[in-house]
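Visitor:
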Amino acid sequence: MERERVWKAIDEQRRSLVDLLEDLSEQEWRQPSLCAGWTVRDVAAHVALQNVTWSALPKLLVNVARSGGMNRAIADAARDHAALPVETIIAEIRDRIGVWKPLPTVSHLETAIDYVVHTQDIAVPLGRQVDPPADAVLAAAERVWASPRMFHARRKLAGRRLVATDAQWSAGEGEEISGPMVALLLVMTGRSPRKLEL
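For the sequence shown, this note's numbering begins at 17 and goes up steadily by one.
Right, here's the structure in full:
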């Protein structure tokens, strides 16, 4: 898929996420997300950290060494950032609309994964429906499935065939799991299928 199409879809997803966050109550900001141990506010703060630049990389590496791993460092950074006012978090996400430059060491495809999946991490447990742009979901799903290390989707879903019911997309072999494209993407990224429409 053309890079420009993916970036346009990412911007559409960014706008939808901002609209969702602006509509949340104080209680909803405190609710658990689909990410185990993360609140809605933590996830939103993590997405807001997309403003990180190369200049922040040395600090991140120090945090990785101190915390004992990349995932822990990312979680710590998100929780620290979540202390900011929600208006600031929303504004930081809004500021990324139109910015077609990924974070250091990743591409537009990983950016699509981040925005699509984390928007659903927030929306699904709150009972909110946010329909992601088809181009963003497809780009994200293709990247997750093609990567042997990212989420280990092929290994974890060995013996399963994923079939989208709303797009011409399938992957894997074996017992069929069918559902909307975004639900399959969430399964591939380790979210619980019990909370999804499969």
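Glycine included, each C-beta is placed from N, C-alpha and C at the ideal position.
These numbers were taken from a predicted model, which means no experiment stands behind them.
1) Are the stretch 46-58 and the stretch 160-179 touching, with three or more C-beta to C-beta distances below 8 Å?
2) Which residue marks the beginning of the beta strand (DSSP E) containing Glu18, and which one marks its end?
3) Helix, strand or coil for Glu189 per DSSP?
4) Our contact map puts Ile109 next to Arg30 with C-beta atoms below 8 Å; I'd like the distance itself, whole angstroms only.
5) Please state the DSSP three-state secondary structure of Ser194.
6) At which residues does the alpha helix (DSSP H) containing Val102 begin and terminate?
7) Would you say Ala152 and Val22 are within 9 Å of each other, going by their C-beta atoms?
8) Between Ser32 and the rest of its own chain, which residues show a CB-CB distance below 6 Å, the 5 nearest in sequence each way excluded?
9) Tell me the rounded alpha-carbon separation between Ile141 and Thr55.
10) Taking Cβ positions, are Val160 and Met204 nearer each other than 9 Å?
11) Which value, in whole angstroms, describes the spacing of the CA atoms of Pro120 and Leu201?
12) Going by DSSP, which residues form a beta bridge with Arg176?
13) Please classify Arg88 as buried or exposed, where buried requires at least 16 other C-beta atoms within 10 Å of its C-beta.
Guide: Per the coordinate set shown:
1) The count of Cβ pairs closer than 8 Å, one atom from the stretch 46-58 and one from the stretch 160-179, stays below three, leaving the stretches out of contact.
2) Segment: none, Glu18 is in no beta strand (DSSP E) and carries neither H nor E.
3) Three-state result, Glu189: coil.
4) Between Arg30 and Ile109 the Cβ distance is about 6 Å, and since that is below 8 Å, they are a contact.
5) Ser194: strand per DSSP, three-state reduction.
6) In this chain, the alpha helix (DSSP H) harbouring Val102 covers 102-110.
7) Taking C-beta atoms as the reference points, Ala152 and Val22 count as a pair closer than 9 Å.
8) Around Ser32: Val146.
9) The question names Ile, but residue 141 in the sequence shown is Pro. So the alpha carbons of these two residues sit roughly 10 Å apart.
10) It is a contact, given that the beta carbons lie within the stated cut-off.
11) Their Cα atoms are separated by approximately 23 Å.
12) Arg176 pairs with Glu191.
13) By the neighbour-count rule (16 or more Cβ atoms within 10 Å), Arg88 is not buried but exposed.
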